[in-house]
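Numbering (my numbering), first residue to last: 135 to 312.
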């Protein structure tokens, strides 16, 4: 018995398609696809969620201090004159950050090897290009999904059959996170 479905594609095409479907599932929470694809995507997605649940609390909080240029109300840097030269004025800022421990960092990099980058574009017409932002799907896996599925041993996804597709009569399903 084969270990995976070939889905009628070359290996590079198949991997790219599955990466795209897994990314869409984790970003949106549900996708509509064929039954065979959904079963393959389910394997990958459940593995990533399990990895997030396992490593969710494996970090330490660190206080970091940095010098940041002082800015006026318009957002421009404040400059002072010293020895006849204009010099930018800096202030020290401290911030608490979460630093991954080695195993969580490794898990994050394993996730990034599978997931694509997602850019969120606002629906409004004005300033669409300017207001785009990257979605942090690994952060979502470690935060939102890990907390949601912490007490659950697997079974993070559900496949609901919708019916046959009109063009080729392939069984379409809704793959969603439980």
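Just so you know, even glycine gets a beta-carbon here, dropped at the ideal spot from N, CA and C.
These numbers were taken from a predicted model, which means no experiment stands behind them.
- According to DSSP, residue pairing for residue 312 in a beta bridge does not occur.
- Secondary structure remark: continuous beta strand (DSSP E) runs of at least 3 residues inside the segment 229-262, in chain order: 252-254.
- Excluding its 5 nearest sequence neighbours in each direction, residue 307 has C-beta neighbours in its own chain below 8 Å: 166, 167, 168, 169, 172, 293, 294, 295 and 296, listed in chain order.
- Excluding residues up to 5 positions away in sequence, 310 and 311 lie with their Cβ nearer than 7 Å to the Cβ of residue 163 in the same chain.
- Cβ neighbours of residue 212 within its own chain (closer than 7 Å, five residues either side excluded): 204, 205, 206 and 223.
- Membership of residue 272 in the alpha helix (DSSP H) is indicated by the continuous run 271-274.
- Contact between residue 238 and residue 193 holds, with the beta-carbon distance rounding to 6 Å and staying under 8 Å.
- Burial check for residue 176: the Cβ neighbour count within 10 Å reaches 16 or more, so the residue is buried.
- Residue environment analysis places residue 277 among the exposed positions, since fewer than 16 neighbouring C-beta atoms fall within 10 angstroms of its C-beta.
- Counting along the chain, residue 183 sits inside the alpha helix (DSSP H) bounded by residues 169-188.
- Counting C-beta atoms within 10 angstroms of its own C-beta, residue 305 has fewer than 16 neighbours from the protein chains shown and is therefore classed as exposed.
- Distances from the CA of residue 225 to each of 240, 217 and 199 were compared; the closest alpha carbon is that of 199.
- Secondary structure at residue 154: helix, using DSSP grouped into helix, strand and coil.
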